[in-house]
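Since the structure comes first, as structure tokens, the remarks are kept for the end.
And the structure:
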């Protein structure tokens, strides 16, 4: 920094040129006399000025070199608070640096003016040539500072400084900023995410927002791979539709969102795929979606195949209402940061001049959009579910023959036909695992329909308060208003509306061991809802009665008191067949909404050794860390216990999941002798399944007869204590 830094520190800005004007003399303008003109933008002005500065122009070169990078770096931060279109407020500390920018120019204005004239520098909007030269030199220095991600010295900020159109505030004060969840998200994730613009015809966006998706063709797969979950997406609509039969629409930004899951589809969704043979298999979903139009005014229950050109035209007119024009955004970015947003290709990632990720222009666009954006559900709650369930759902589970595939096919058919599902069968047959995997597969393979899935376990004390909801103390009790209680949704309603964002969602719900709950007590009003009828709850939210209703009964956007049930929402439950009483307590109307699918146990009368080996192989395939090393005798002994348990009493069985527990217990117990290991395994895993079983004594006695592999006396002693069984003395 040397002499220049000393002059800055001393405040003698008038000596700035004297510090390096030792070889002053008439300079030769390499461009010759040029008539000054008007630049169209900051980038053009900067590039032209720097081109005009000759390597032999020592005045300029020394001014550039002595104007320390450290000083310009210090100036960069307070320049962020010199705003466009809003009042600029800076702190007292920032005021010192801002005034340095002005004084350096003021005390060297004559020299800058002469050099600008010699170079033929033009003007830029409100900046005269000397000010343009000053701006270009400062921007050039900024560009050489690695820590500066974008150049923020421009004509608007300099003019604001020169005219002193800013105010100094005390600590804690500040201007009201534009508030929006996406702006907050961008500010919280700067340097962690990228921001992209997606440009497409308006009829493309019609399908896109119905499918809650953005698509890519094979030729743009690399672009699809570049977008990460959590990135921000800005939606820009072109004027010309993809379908040439449609009229042009206004062009501009029509929304924004947070990118969700990446996935692929085989179906044709877009007009170009259906009518022009194109393919867009690579898809991005949304975690959050904001649009400038009211998407509920668009028919979301149909596809573009089901509409005439006139109907599509009406829909895209609605879609483009309230958009933000490209010219407005471009001008704002040009004024604010000195760089517009350029021509809109189909895909663009915002980057600054030095190639780093740019967040300032996206922030400006979001500020302009903020007042027009309304949050929409990230999924389409109107479309029905037509899944093709993957057989990978069964990975790690073993069902002899094609039993597993038949179960999956039955579940798929039930869901496609609009039914909810209850899986019935003995304990340990894999009912819960299958239900959880089906729900997860639905969410992962259909992100445009489902926002995730949830699993819960029913309990004996469940009531409608747990499932539907009820009044609870408010988190912010306003004693003045007297409203200390507020409606809190239960586990079912929380699958239908986002707790924080207050938009519809769609999460399939798995209820394990439904038979534990008192069906009438726990599900009350849900009987009516699951029968396809709307219901009004005896609670209010924001003064309106809480409603649960099928989405087809919904008119317009759902109000805060409404919980629409998506057409694709499903309840998947499990029920042990030993507890049939709960099954018959269900009303006929309630049962009619469910498909009851049995998950049974295998036939154990065949080759038991082969069957056990097949299960071991399946378990190991499903868990890479699992390696079972039981001997043939040990494996056969476990199989015999399973066989005895399932054959002693008609209609009472255990499934392979419990047998797996027996195998792992025997495998990992320290005792080297089989008999005590297997005996303890039976007590630990089989006996708990016999509690309350009327003929449990017969089952225990049948197992106890396997005297070569179990300790009969130990089994009977444990059964007496755990199962309240009295055995006759031999």
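Residue numbers (UniProt numbering): 1 to 730. Note that CB positions come from ideal geometry on N, CA and C, so glycine has one too.
- From the listed residues 130, 119, 226, 121, the smallest Cα separation to residue 107 is found for 130.
- Taking C-beta separations shorter than 8 Å and ignoring five residues to either side along the sequence, the partners of residue 495 in its chain run 454, 505, 506, 507, 508, 509, 569, following chain order.
- If you draw a 10 Å sphere on the C-beta of residue 358, you find 16 or more other C-beta atoms in it, and that means buried.
- By the Cβ test, the segment 664–678 is not in contact with the segment 649–656, since fewer than three Cβ pairs between them sit closer than 8 Å.
- Between residue 203 and residue 242, the CB-CB gap stays under 9 Å.
- In the DSSP annotation of this structure, residue 236 is not part of any alpha helix (DSSP H); the continuous beta strand (DSSP E) holding it starts and ends at 232–237.
- When secondary structure is reduced to three states using DSSP, residue 334 falls in the helix class.
- DSSP, read as helix, strand or coil, puts residue 576 in strand.
- The DSSP assignment places 509–512 as complete runs of the beta strand (DSSP E) inside the segment 497–533, in order along the chain (cut-off: 3 residues).
- Per the C-alpha coordinates, the member of 414, 673, 369, 260 positioned closest to residue 592 is 414.
- When DSSP states are grouped into helix, strand and coil, residue 594 belongs to the strand group.
- At a Cβ-Cβ threshold of 9 Å, residue 535 and residue 519 do not count as neighbours.
- Residue 285: member of the beta strand (DSSP E) spanning 282–291, first to last residue.
- Taking the C-beta atoms as reference points, residue 715 is found nearer than 9 Å to residue 683.
- For residue 184, the enclosing alpha helix (DSSP H) starts and ends at 181–188.
- Bridge pairing for residue 262: 284 [DSSP].
- Looking from the CA of residue 101, the closest CA among 119, 79, 169, 541 belongs to 79.
- Of the candidates 90, 649, 470, 90 places its Cα closest to the Cα of residue 164.
- Straight through space, the alpha carbons of residue 304 and residue 272 are spaced by roughly 11 Å.
- Residue 332 counts as buried, since no fewer than 16 other beta carbons sit within 10 angstroms of its beta carbon.
- The three-state secondary structure of residue 688, taken from DSSP, is helix.
- Within the same chain, 649 come within 6 Å of residue 695 by CB-CB distance, once the 5 residues on both sides are set aside.
- Where residue 247 is concerned, there is no enclosing beta strand (DSSP E), because DSSP gives it neither an H nor an E.
- Inside the segment 420–486, DSSP marks whole alpha helix (DSSP H) runs of 4 or more residues at positions 431–445, 464–467, from first to last along the chain.
- Look at residue 383 here: in three-state DSSP terms it is coil, with no helix or strand label.
- Buried is the label assigned to residue 576, since at least 16 other Cβ atoms lie within 10 Å of its Cβ.
- Counting only runs of 4+ residues, the alpha helix (DSSP H) found wholly inside the segment 185–214 occupies 202–211, in chain order.
- Residues 197, 199, 253, 344 of the same chain have their beta carbon placed closer than 6 Å to that of residue 236, with the five preceding and five following residues left out of the count.
- Secondary structure of residue 242 (DSSP, three-state): coil.
- Taking a contact as a CB-CB distance under 8 Å, the pair residue 182 and residue 137 does not count as one, their CB atoms being some 36 Å apart.
- A residue is called buried when at least 16 other Cβ atoms come within 10 angstroms of its Cβ; residue 168 does not meet this threshold and is exposed.
- Cβ contact annotation for residue 463 (same chain, cutoff 7 Å, sequence separation greater than five): 521, 522, in chain order.
- Under the DSSP assignment, residue 347 falls in the beta strand (DSSP E) whose first and last residues are 347–349.
- In the DSSP assignment, the residues bridged to residue 544 are 541.
- The alpha-carbon separation between residue 221 and residue 277 amounts to approximately 18 Å.
- Within the DSSP secondary-structure output, residue 124 pairs in a beta bridge with 127.
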